[in-house]
Amino acid sequence: MRYTILLIVLVVSCSESVQPTAFNSVGIKTIYSDSVSIRAIELMGNSLAFAANKGTFGTVDLTFGKVRANIEKYHTSVPAFRAVAHTANDFFMLSIESPALLYKTGDNGQMELVYKEEGEGVFYDAMTFLNDKDGIAIGDSVDGCLSVIITSDGGNTWSKLPCSQLPEGIEGEGAFAASNTNIKTIGDNIWIATTSGRILFSSDKGNSWETYQTPIKNAETTEGIYSIDFYDENLGFAIGGDYTNPDTSLANKAITKDGGKTWSLVADGNAPGYKSCVQFVPGSNGTGLVAIGFTGISYSSDMGKNWKELSKEPFFTIRFQNDSIAYAAGKNRISKLTFR
1 MRYTILLIVL VVSCSESVQP TAFNSVGIKT IYSDSVSIRA IELMGNSLAF
51 AANKGTFGTV DLTFGKVRAN IEKYHTSVPA FRAVAHTAND FFMLSIESPA
101 LLYKTGDNGQ MELVYKEEGE GVFYDAMTFL NDKDGIAIGD SVDGCLSVII
151 TSDGGNTWSK LPCSQLPEGI EGEGAFAASN TNIKTIGDNI WIATTSGRIL
201 FSSDKGNSWE TYQTPIKNAE TTEGIYSIDF YDENLGFAIG GDYTNPDTSL
251 ANKAITKDGG KTWSLVADGN APGYKSCVQF VPGSNGTGLV AIGFTGISYS
301 SDMGKNWKEL SKEPFFTIRF QNDSIAYAAG KNRISKLTFR
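Heads up: the sequence shown begins at 1 in the UniProt record's numbering, then just goes up one per residue.
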């Protein structure tokens with residue numbers, strides 16, 4: 001009997017010790033400022049890589065604070081970048097409108113153009129890598145389906161999937177180029193969130209696809225899913241709204257617990273309203289969520305059922321470095337966020 005009681009005490013103690021700490025505030029410190037709009041950031045070891053409009057891109061050394069910024073021109077124009085990604089060896093950035101330009105770090109230290117697409121309706125929104133070889137980028141619909149380009153050689157070459165390999169599109173369907181977070185990968189799984197409130201899902205690196213409908217409102221062109229994140233292969237969260245009516249919080253937040261097949265609205269009609277980016281808090285057992293936008297920073301400790309506003313500071317996108325430190329980017333700045 002004495003052994004049994006001791007075992008129970010140890011199990012309870014261990015269970016309590018791994019419970020994440022709820023956030024009550026956030027400290028914000030600007031680490032880079034310039035007259036640009038930054039919607040794409042990527043943590044790369046001890047550096048934060050970014051790309052923005054006006055052809056601007058660079059890195060911030062997170063240990064010493066040193067910033068290296070450059071401008072990439074295409075002939076006489078300067079691209080607007082809203083998507084970035086990386087492998088163990090290379091950094092990638094993708095511009096939005098025609099001509100869509102995808103660059104990778106080259107052998108000579110300069111950025112190398114590895115993919116270009118021109119034409120009516122061309123508009124790319126997000127990009128990521130599944131591993132060091134397989135990558136994917138998504139864009140708005142062209143010729144009846146979403147634009148999806150993939151690489152299987154580490155980003156040296158990219159090819160566009162034909163509409164015959166993708167789900168039939170919905171007229172006007174695209175993805176919001178708001179924070180580089182309407183695409184998520186875990187293992188071979190890919191989830192893509194669209195302006196039509198749909199999830200395109202592939203379990204085999206993009207070779208075959210299924211579609212699932214979420215209850216996120218999408219009647220207007222400014223509505224739909226702006227951002228998704230998955231804590232694991234089952235638990236995911238989607239957020240959106242309408243940036244032209246940001247206080248509206250009806251049908252703009254949804255959760256899935258079966259890998260995206262079914263979704264349920266949460267905090268329906270309750271704040272927050274429009275947000276451009278949502279991320280699970282690392283080490284939170286899937287309970288912690290942070291959502292940001294030009295309307296400020298909101299936090300949930302219970303999988304999105306209840307939220308509290310931590311700051312009114314505006315940002316577009318956020319990435320966590322660990323369970324309490326994140327980096328956020330927005331208009332004219334990148335900041336370090338310390339959650340307490």
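By construction, the Cβ of each residue, glycine as well, lies at the ideal position given by its N, Cα and C atoms.
Going by C-alpha to C-alpha distance, which of Asn156, Gly197 and Arg340 sits closest to Glu173? Gly197
Smallest Cα separation from Glu309: which of Asp90, Ala69, Thr128 and Gly296? Nearest of Asp90, Ala69, Thr128 and Gly296 to Glu309, Cα basis: Gly296.
Under 6 angstroms Cβ to Cβ from Thr181, same chain only, skipping five residues before and after it: list those, please. The residues Ser227 and Cys277, in chain order, have a CB closer than 6 angstroms to that of Thr181 in the same chain once the five nearest residues on each side in sequence are set aside.
I'd like the list of long-range same chain contacts for Ala100, defined as Cβ closer than 6 angstroms, with 5 residues on each side in sequence excluded. Glu117, Val122 and Tyr124
Straight-line gap, Ile216 to Asp107 (C-alpha atoms, nearest Å): 44 angstroms
Is Met1 helix, strand or coil by DSSP? Because Met1 carries a pLDDT of 41, less than 50, the predicted location of this residue cannot be relied on, and the following value inherits that uncertainty. Looking at Met1 - three-state DSSP - the assignment turns out to be coil, as it is neither helix nor strand.
How many Å lie between Asp134 and Asn70 at the Cα? C-alpha separation (whole angstroms): 27 angstroms.
Tell me whether Gln165 sits in a helix, a strand or coil according to DSSP, three-state version. In this structure, Gln165 counts as helix in the three-state DSSP scheme.
To the nearest angstrom, how far is it from the Cα of Ala291 to the Cα of Ser298? 5 angstroms
Do Gly27 and Arg340 have their CB atoms nearer than 8 angstroms? Yes, these two residues count as a Cβ contact at 8 angstroms.
Should His86 go down as buried or exposed, given a rule of 16 or more other Cβ atoms within 10 Å for buried? buried
Proximity to Trp263 [Cα-Cα], best of Ile255, Ile170 and Glu42: Ile255
Have a look at the DSSP bridge pairing and note the partners of Ile38. Ala52
Within its chain, find whatever has a CB closer than 6 angstroms to the CB of Gly273; leave out the 5 residues flanking it on each side and keep chain order. Gly241, Pro246, Asp247, Thr248 and Ser249
In or out: Ser17 buried (at least 16 other Cβ within 10 Å) or exposed? With a pLDDT of only 44 at Ser17, under 50, the local geometry of the prediction cannot be trusted, and the value read off the model is given with reservation. By the beta-carbon neighbour count (other beta carbons within 10 angstroms, threshold 16), Ser17 is exposed.
Assigned exposure category for Ser300 - 16 Cβ within 10 Å defines buried: buried
Measuring straight from C-alpha to C-alpha, what distance separates Gly304 and Thr222? 23 angstroms
Here's the rule: buried if 16 or more other CB atoms are within 10 angstroms of the residue's CB, otherwise exposed. What is Phe159? The sequence given here places Ser at residue 159; Phe does not occur at that position. So Ser159 ends up on the exposed side.
Gln213 in three-state terms, based on DSSP: strand
Using 10 angstroms around the beta-carbon of Asp90, count the other beta-carbons present and answer buried if the total reaches 16, otherwise exposed. buried
Here's the rule: buried if 16 or more other CB atoms are within 10 angstroms of the residue's CB, otherwise exposed. What is Gly293? Buried is the call here.
Quick check: the segment 187-202 against the segment 149-158, are there 3 or more CB pairs under 8 angstroms? With the cut-off at 8 angstroms, the segment 187-202 and the segment 149-158 do not touch.
Own chain residues within Cβ distance below 6 angstroms of Lys331, not counting five before or after: Ser37
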